[in-house]
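In what follows, a single structure is set out as structure tokens and then discussed.
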Amino acid sequence: MLVSCSTLNTFSASISVSSTRFCQCQSLYPNNLFLQNKPHTTLNFSNKVRIIKCAASANQKEQQQQDLNNNGSKKKKKKKKGDDETEEDEEKKGINPVGFLTRLGISHKQFAYFLRERYKSLKDLKDELFKRNLMLKDIAYGFELMGLHRHPEHRMDFMEWAPGARYCSLIGDFNGWSPTENSAREGHFGHDDYGYWFIILEDKLKDGVQPDQLYFQQYNYVDDYDKGDSGDASIEEIFKKANDDYWEPGEDTFVNRRFELPAKLYEQLFGPNGPQTQEELEEIPIPDAETRYNEWKQLHKNDPPSNLPPCTVIDEGKEYDIYNIKSDPVWLEKIRAKKPPLPYWFETRKGRQAWLKKYTPAIPHGSKYRVYFNTPSGPLERVPAWATYVQPDTNGNEAFAIHWEPSPEHAYKWKNKHPKVPKSLRIYECHVGISGSEPKISSFADFTEKVLPHVKGAGYNAIQLIGVVEHKDYFTVGYRVTNLYAVSSRYGTPDDFKRLVDEAHGLGLLVFLDIVHSYSAADEMVGLSLFDGSNDCYFHTGKRGHHKYWGTRMFKYGDQEVLQYLLSNLNWWVEEYHIDGFQFHSLSSMMYTHNGFASFTGNLEDYCNQHVDKDAFLYLILANELLHTLHPDIITIAEDATFYPGLCEPTSQGGLGFDYYVNLSAPEMWSSFLKNIPDHEWSMSKIVSALMGNRQYADKMLIYAENHNQCISGGQSFAEILFGEIDEHTPGLTESLLRGCSLHKMIRMITFTIGGRAYLNFMGNEFGHPKRVEFPMPSNNFSYSLAHRSWYLLSNEVHHNLFSFDKDLMNLDEKNRLLSRGLPHIHHVNDTSMVISYIRGPLLFVFNFHPTEAYERYSVGVEEAGEYQIILNTDEKNYGGQGLVDAQQHLQRTISRKADGLQNCLELPLPSRTAQVYKLTRILRI
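Going by full-length UniProt numbering, 324 is the number at position 324 of the sequence shown; the sequence numbering is gapless.
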């Protein structure tokens, strides 16, 4: 095969400088998913002469095979050296697969080996992903091509992945639900070897209107008018101007006569009546490539240099591509110095008004649609996996997707930017559906108007939403997700949710999603289970494909298409809805083949044995790397009941890369104490141990006393356990109510202040919501009586006092930057007196959990001598307390006596079941 390098260089130059043009206009087809809007790599040859033996010569095949074998053995030897260099490079970059073990002084051979092998698998996975994607991060932008999208050339494009299907079409009310009208074409442009299906739906030309002159005519669907509407110049004039401005004389020979040169070459080789088919060509004895090329070069020896190649390349049968062809530096510098040509696609593009006059949308806004498959098991109708808005059928039939494409004047326009990420997080956990006062499903609009101002006024700086992603059954609280890219239609439209997020940002609130990528709903009609008729499309087959206890389906994280689906989903919520972070729900379900339902001894072998799903770990590492690369301010939170080592360590040091982990021991401990252990038997040591979690990662800890798990469907809120039934008409506090209020405040205060930089509270618990949450289901006759929040209780004295305390507790962090000051110095834990004391920043915290014993002058140590002022006291009357510490005792002066290993001490009044916060207001120098 003869290669003319001047031709290739000219052509590659046009590709290089016009990459944007070609990317904008290229057709999208299934096995080329990630080329849109990506720069080409120039295909320029070097300036050196290469004379390589021709692979077409039969007598040289044996020698070539021997050379290949020799080269292969050399490459293997060289590869080993390259690996060593790679390891050195990784060390220079600070990459160490066991780095966090080394830093913590942990020596465990088996776990270290597991981390190294996992890192090797991660590198191999990235290499595999790179083969399918021009850039690794492109795998997080699958939503730009998958699903239903409007194309600039007056059409809709639909792409779906269904490897088990034999036929694919789009059906809906726009085509009378016909399975044949809008189907994928046969062959390469409709279906590829990876299982992707591609369907084009042309906009409908209105009656009596002439079609576009240009087959590639583009439209701007946002602005009413564009440059192409003016008609100042024809397309021929635009092309001529683009070429004249860019090419120098002689450079555009190939552009103007790109078919002429190959035709002349062919005629020169085979004559005017040369062979026309492959069979005829094979019958002709053809000289080897070197001979043919030398003959051609001799004929053109008198041609100007611009018509001859700058180098000579003879094909030896190898494949030359962008990875092993070097650029000609002189030619490349010349091309780079050129000014980009006139972007003709902008010059000819027309505006929205021109499109509306000429076309009717192929799928109008609000249309219902589903994807239709013909499979070996028969025909199937499914909600598309990448659907962004899904609604159930009112008649109880199969759900359908809604095409959401509002006109520019009706589409939501963002007003506020992402708030700055604070150093400490005070998260308010919410469920939109139960956020209203009435026994019904509340909406995004109601939540925006009523709940967001309450959250801001309560002193929180972030909200965490559960149940927002589309799910089939309301009573599952949103954890049996069916459509990962759709907001739940129960609460409103996609634009309603955008407004919620935007208004939250306007109030300075971050918005987190409780994302469920650890499993999926097993529903076949609306979810991903048996999506294309096969059992292994998105999920594992057999027992591994099902959660052992919950009946949900388990994702196949080792599949590239599944990785693309999940990684793109995370990026989708950030790009489309401006989400600020994610809590990854129930990681133990995905990280282990036993779904976390096994006994853990605490030995590191539990985290690297045969039950560990390495593919799931690789997904989590990629998720954190991509999210933090694409969105540096994103927050990721790991909910893992097994406390996997390295959850919050950098991925470069062998960790998973999360910003926070959830301390699940704290709520379990409090629930156990309140339900099973008498007050006087509470262990202060166990309280501190549970609340501090893993001290090595305490600053990365998210902690809470109770969240939705404690009070939903069968559980009880702490207020319900502590208070029982409150008689709103009885004046004053009964003894049981006083106990309940005291413990409610103390539990929340010590949980909030003792450890971690993040705290979470479930909606309503800040004012002691007295009733659990129970979603409508068959067992309660689908009642909504417990599926809402009783906001009116804020006017009740007891609940108002609890809310006032919680608000001041949040303000304690806002004013003193408490949670971001590092770990507390816990210097006093006494199980006999039931007193706990610790110092965090400039504040001293003292808790007396004893149910009956009050201390008039209880000694606790402090380091700094001076005067300490009470700034928060759970026993204040405006918090529902008794006010047993009078005003004269609010200011305490240190005594020069060692206590608790510290230089000075305070003798404090500690009524039973009370807690106090002191701040150093004056330093005494002795």
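Ideal placement from N, C-alpha and C gives every residue a C-beta, glycine not left out.
From a predicted model like this one, the values you see are computed outputs, not experimental measurements.
Worksheet item: Would the beta-carbon of GLU863 fall within 7 Å of that of GLN903?
Response: yes
Discussion item. Helix, strand or coil for GLY378? Go by DSSP, reduced to three states.
Written reply: strand
Worksheet entry | CB contact flag (LYS556, ASN595, <7 Å) | no
Fill in: Pair within 7 Å by beta-carbon distance, TYR619 and ALA638
no
Discussion item. Is it buried or exposed, GLY764, if we count other Cβ atoms within 10 angstroms and call 16 or more buried?
Written reply: buried
Worksheet item: With distances taken from CA atoms, which of THR642, ALA666 and LEU122 is nearest ALA598?
Response: THR642
Worksheet item: What is the DSSP secondary structure of MET159, reduced to helix, strand or coil?
Response: strand
Item to complete: Indicate the three-state DSSP secondary structure (helix, strand or coil) for THR348 in the structure shown.
Response: helix
Discussion item. Just verifying my parser: in three-state terms, what is the DSSP assignment at LYS420?
Written reply: coil
Practice prompt. Have a look at the DSSP bridge pairing and note the partners of PHE216.
Written response: Looking at the DSSP assignment, PHE216 forms no beta bridge with any residue, so it has no partner.
Discussion item. Using CA atoms only, rank isn't needed, just tell me which of SER589, ILE621, GLU625 and LEU626 is closest to HIS611.
Written reply: SER589
Practice prompt. Just confirm the distance between the C-beta atoms of LYS350 and ASP229, as a whole number of angstroms; I'd bet it's less than 8 Å.
Written response: 5 Å
Worksheet item: PHE782: buried (16+ other C-beta within 10 angstroms of its C-beta) or exposed?
Response: exposed
Worksheet entry | Inter-residue CB distance, ALA462 and LEU425 (contact presumed, cutoff 8 Å) | 5 Å
Worksheet item: Which term fits VAL330, buried or exposed, when burial requires 16 or more other beta carbons within 10 angstroms of its beta carbon?
Response: exposed
Worksheet item: Does the separation of the CB atoms of LEU891 and TYR858 fall below 7 Å?
Response: no
Worksheet item: Is it buried or exposed for ARG789, if we count other Cβ within 10 angstroms and need 16 for buried?
Response: buried
Worksheet entry | Identity of the residue in GLY693, SER534, CYS608 and ILE139 nearest ALA165 by Cα | SER534
Discussion item. Can you give me the C-alpha to C-alpha distance between VAL222 and ALA354, rounded to a whole angstrom?
Written reply: 12 Å
Practice prompt. Kindly give me the distance between the Cβ atoms of LEU101 and GLY657, rounded to whole angstroms, as I take these residues to be in contact under 8 Å.
Written response: At roughly 16 Å, the Cβ-Cβ gap does not stay under 8 Å, so LEU101 and GLY657 are not in contact.
Practice prompt. Using alpha carbons as the reference points, say which of SER685, THR388, LEU802 and SER442 lies closest to PHE143.
Written response: THR388
Item to complete: Give every residue of the same chain whose Cβ lies closer than 6 Å to the Cβ of CYS741, excluding the five residues on either side of it in the sequence, and list them in chain order.
Response: GLY880
Practice prompt. In angstroms with no decimal places, state the Cα-to-Cα distance between GLY147 and GLY558.
Written response: 22 Å
Practice prompt. Out of TYR266, GLU438 and ILE466, state which residue places its alpha-carbon closest to the alpha-carbon of GLU429.
Written response: ILE466
Worksheet entry | Within 7 Å, strictly: CB atoms of TYR359 and HIS154 | yes
Worksheet item: So, THR921 versus GLN869, is the Cβ gap smaller than 7 Å?
Response: yes
Discussion item. Along the chain, where does the alpha helix (DSSP H) containing LYS241 start, and where does it finish?
Written reply: 235-246
Discussion item. Three or more C-beta pairs under 8 Å: does that hold for the segment 819-839 against the segment 747-761?
Written reply: yes
Discussion item. Could you tell me the alpha carbon to alpha carbon distance between ASP813 and ALA758, rounded to whole angstroms?
Written reply: 11 Å
Practice prompt. Taking the CB atoms as reference points, tell me whether PHE512 and GLY581 lie closer together than 7 Å.
Written response: yes
Fill in: Segment contact flag, the segment 363-380 with the segment 235-249, C-beta cutoff 8 Å, min 3 pairs
no
Practice prompt. Report, in whole angstroms, the separation of the C-beta atoms of ALA445 and ASP496, which I expect to be a contact under 8 Å.
Written response: 6 Å
Fill in: Reduced DSSP secondary structure (H/G/I, E/B, other) of SER367
coil
Worksheet item: How would you label GLY478, buried or exposed, when you count the other beta carbons within 10 angstroms and need 16 or more for buried?
Response: buried
Fill in: Short Cβ contact (7 Å threshold) for THR636 with ASP606
no
Fill in: Whether ASP523 touches LYS472 by CB criterion (7 Å)
yes
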